[in-house]
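Asker: Here it is, the structure in full.
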DNA sequence: GCGAATTGAATTGCACGCAATTGGGTCCCG
DNA sequence: CGGGACCCAATTGCGTGCAATTCAATTCGC
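Protein chains in written order, with my numbering: chain A, 24 to 176; chain B, 24 to 176.
Dropping the structure here:
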């Protein structure tokens, strides 16, 4: 019915769909590795950010991950319930909430360390292919960070 | 604290994260365009598949979009409530549910037609960059479709 | 300084995603 | 042809995502 090579609405011509599908598939791929650590995939991403720098405010986590407080607040409460982080109002500015790593949260890093290499291997890509793909997807994020909604000057 | 260039857990070295971030950002990008049509982004993807071929079973939609019935059933009920599809048991095999386009669902295609080109333009990428990126992300999906869970010889 | 605008997090409501389970329908094998 | 294995959709429960709203804390304007 539709012509794959010319129809703008063909699923195979979209860029949004493969990104969406790959995101879901990666979440599924990570689940078995993260389950034993007591983390979901978004929680794992939050921990990656905290392992780079802690404590951090909710909003700085959100800026890094492109998530807002509506998503992060309940997620951080679960991480707190799991014993990996603590949440406390910042004495300097009572509006902010500082998210800190607990001992267990910091220790978890060692158990997470082998995950990226192992799962990257599961993709069956060469080092070069992997790097090219990573660069490509990051540049898509960059493009999406620069809104062109209203048209430039 | 962490060294961006050598630490496997650095956010900037992941491939999973930019895919995740881009997926969320694309959903946000599409929202203003899809809202007037009464569609969410996942509903739009279902409509793309149905515009290529209808009717289809729930499972064939799921195979195409990498989604299962737990996600699709309530989504399709909402599309049905919106008047864009109908759901009916297949007389040939009562286990299957055939999802068909209504008149309104088929007509919606015309209103959706300008969306891909418009939003692709919002990315501010050249045709060549866009094509390279699309190819790259599709090949990631391909890699993810080939499970290597158990380790090869 | 003092009220208004702004900011930061939390809350609410809705729509996914998916594992796990349920239950009816079909196929297969003896 | 009878029963068990398998298949398909629906349901349940939980954890995101996000718009919209709320509320407290801070900053800005004058």
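Where a beta carbon is used, it is the ideal one built from N, C-alpha and C, also for glycine.
Every value quoted in this text rests on a predicted model; they were computed, and no experiment measured them.
Rounded to the nearest angstrom, what separates residue 50(B) and residue 88(A) at their Cα positions?
Answerer: Your numbering for residue 50(B) matches position 27 in the second chain. Your numbering for residue 88(A) matches position 65 in the first chain. Their backbone Cα atoms lie some 15 Å apart in a straight line.
Asker: Residue 91(A): which of 125(B), 103(B), 82(B), 47(B) sits nearest, CA to CA?
Answerer: Start at 1 with the first residue of the first chain, and residue 91(A) comes out as number 68. Ranking 125(B), 103(B), 82(B), 47(B) by Cα distance to residue 91(A) puts 47(B) first.
Asker: List, in chain order, every chain A residue whose beta-carbon is nearer than 8 Å to that of residue 57(B).
Answerer: In the second chain, the residue the question calls residue 57(B) occupies position 34. By Cβ distance, chain A contributes nothing, its closest Cβ being about 11 Å from residue 57(B), past 8 Å.
Asker: For residue 139(A), does the three-state DSSP call read helix, strand or coil?
Answerer: To locate residue 139(A), count along the first chain from 1; it is residue 116. The answer is helix: DSSP assigns residue 139(A) an H, G or I state.
Asker: Mind checking residue 158(A): buried by the 16 CB within 10 Å criterion, or exposed?
Answerer: Along the first chain, read from residue 1 onward, the residue named residue 158(A) stands at position 135. So residue 158(A) ends up on the exposed side.
Asker: Our contact map puts residue 110(A) next to residue 31(B) with C-beta atoms below 8 Å; I'd like the distance itself, whole angstroms only.
Answerer: Sequence index remark: in the first chain, residue 110(A) carries index 87 (1-based). Sequence index remark: in the second chain, residue 31(B) carries index 8 (1-based). Actually they do not touch by this definition, with Cβ atoms about 27 Å apart.
Asker: Does residue 148(B) come within less than 8 Å of chain A when only Cβ atoms are used?
Answerer: The residue labelled residue 148(B) in the question sits at position 125 within the second chain. At least one chain A Cβ lies under 8 Å of residue 148(B).
Asker: Below 8 Å between beta carbons: does that hold for residue 84(B) and residue 108(B)?
Answerer: Within the second chain, residue 84(B) is the residue found at index 61, counting from 1. Within the second chain, residue 108(B) is the residue found at index 85, counting from 1. Cβ atoms of residue 84(B) and residue 108(B): not closer than 8 Å.
Asker: If I follow the unbroken beta strand (DSSP E) through residue 112(B), where does it start and stop?
Answerer: For the purposes of this step, residue 112(B) is taken as residue 89 along the second chain, with counting starting at 1. That run of the beta strand (DSSP E) goes 108–112.
Asker: Tell me, which residues are paired with residue 165(A) by DSSP?
Answerer: For this step, residue 165(A) is matched to residue 142 along the first chain. According to DSSP, residue 165(A) bridges with nothing at all.
Asker: Tell me whether residue 37(A) sits in a helix, a strand or coil according to DSSP, three-state version.
Answerer: What you label residue 37(A) is simply residue 14 of the first chain in a count that begins at 1. Correct three-state label for residue 37(A): coil.
Asker: Under 6 Å Cβ to Cβ from residue 77(A), same chain only, skipping five residues before and after it: list those, please.
Answerer: Counted from its first residue, the first chain places residue 77(A) at position 54. Correct list, in chain order: 123, 124.
Asker: Quick one: is residue 120(B) near chain A, going by C-beta distance under 8 Å?
Answerer: Reading the second chain from its first residue, position 97 is the one you call residue 120(B). No, residue 120(B) does not count as interfacial toward chain A.
Asker: Below 8 Å, how does it come out for the segment 146–153 of chain A and the segment 150–170 of chain B: are there three or more Cβ pairs, yes or no?
Answerer: Contact holds: three or more Cβ-Cβ distances are below 8 Å.
Asker: If you measure beta-carbon to beta-carbon, which residues of the segment 65–84 of chain A are closer than 7 Å to chain B?
Answerer: So the close ones are 68, 71, 72, 74, 75, 76.
Asker: Can you name the residues of chain B whose CB is closer than 8 Å to the CB of residue 159(A)?
Answerer: As a working mapping, residue 159(A) is identified with position 136 in the first chain. Within chain B, the residues near residue 159(A) are 155, 156, 159, 160.
Asker: Is residue 31(A) close to chain B? Criterion is C-beta to C-beta, closer than 8 Å.
Answerer: In the first chain, the residue the question calls residue 31(A) occupies position 8. For residue 31(A), the answer is yes, since a Cβ of chain B falls inside 8 Å of its Cβ.
Asker: Looking at the secondary structure, which residues open and close the beta strand (DSSP E) in which residue 123(A) lies?
Answerer: For this step, residue 123(A) is matched to residue 100 along the first chain. Note, residue 123(A): beta strand (DSSP E), 120–124.
Asker: My assumption, with CB atoms under 8 Å, is that residue 53(A) sits in contact with residue 43(A). Please give the rounded CB distance.
Answerer: Residue mapping note: residue 53(A) aligns to position 30 of the first chain, counting from 1. Residue mapping note: residue 43(A) aligns to position 20 of the first chain, counting from 1. 16 Å between Cβ atoms; not a contact.
Asker: Does residue 169(A) get closer than 8 Å to chain B when you measure Cβ to Cβ?
Answerer: One-based indexing of the first chain puts residue 169(A) at position 146. So yes, residue 169(A) belongs to the interface.
Asker: For residue 65(A) and residue 102(A), I'd like the C-alpha separation in whole angstroms.
Answerer: Residue 65(A) sits at position 42 when you count from the first residue of the first chain. Residue 102(A) sits at position 79 when you count from the first residue of the first chain. Whole-angstrom Cα-Cα distance: 11 Å.
Asker: Can you tell which of 112(B), 156(B), 37(B), 63(B) has its C-alpha closest to the C-alpha of residue 79(B)?
Answerer: Against the second chain, residue 79(B) aligns to sequence position 56. The residue with the shortest Cα to Cα distance from residue 79(B) is 112(B).
Asker: Give the interface partners of residue 102(B) over in chain A, defined as CB-CB distance under 8 Å, in chain order.
Answerer: As a first step, residue 102(B) must be located in the second chain, where it is residue number 79. Ordered by position in chain A, no residue passes the 8 Å Cβ test against residue 102(B), which lies about 16 Å from the chain.
Asker: Pick from 99(A), 57(A), 94(A), 61(A): whose alpha carbon is nearest that of residue 73(A)?
Answerer: The residue you call residue 73(A) lines up with position 50 of the first chain. When each option's Cα is compared against that of residue 73(A), the closest is 99(A).
Asker: Between which two residues does the alpha helix (DSSP H) containing residue 92(B) stretch?
Answerer: Stepping through the second chain from its first residue, residue 92(B) is reached at position 69. Counting along the chain, the alpha helix (DSSP H) containing residue 92(B) begins and ends at 92–104.
Asker: Within a Cβ cutoff of 6 Å, which residues of the same chain sit near residue 118(A), ignoring the five residues on either side of it in sequence?
Answerer: Within the first chain, residue 118(A) is the residue found at index 95, counting from 1. Excluding sequence neighbours, residue 118(A) sits near nothing in its chain.
Asker: Should residue 58(B) go down as buried or exposed, given a rule of 16 or more other Cβ atoms within 10 Å for buried?
Answerer: Numbered from 1 along the second chain, position 35 holds the residue referred to as residue 58(B). By the neighbour-count rule (16 or more Cβ atoms within 10 Å), residue 58(B) is not buried but exposed.
Asker: Go through its chain and collect everything with a Cβ distance to residue 81(A)'s Cβ below 6 Å, but skip five positions before and after it.
Answerer: Here residue 81(A) refers to the residue found at position 58 of the first chain. Taken in chain order, the residues that qualify are 92, 95, 120.
Asker: Give the straight-line distance between the Cα atoms of residue 63(B) and residue 37(A), rounded to the nearest whole angstrom.
Answerer: As a working note, residue 63(B) is residue 40 in the second chain. As a working note, residue 37(A) is residue 14 in the first chain. About 16 Å.
Asker: Please name the residues in the segment 32–45 of chain B whose beta-carbon is closer than 7 Å to at least one beta-carbon of chain A, in chain order.
Answerer: Hits within the stretch, in order: 32, 33, 34, 37, 38, 39, 40, 41, 42, 43, 44, 45.
Asker: Determine which residues share a DSSP beta bridge with residue 80(A) and list them.
Answerer: Reading the first chain from its first residue, position 57 is the one you call residue 80(A). Paired residues: 121(A).
Asker: By how many angstroms is the C-alpha of residue 75(B) removed from the C-alpha of residue 60(B)?
Answerer: Within the second chain, numbered from 1, the residue matching residue 60(B) stands at position 37. Within the second chain, numbered from 1, the residue matching residue 75(B) stands at position 52. Roughly 18 Å between the two C-alpha positions.
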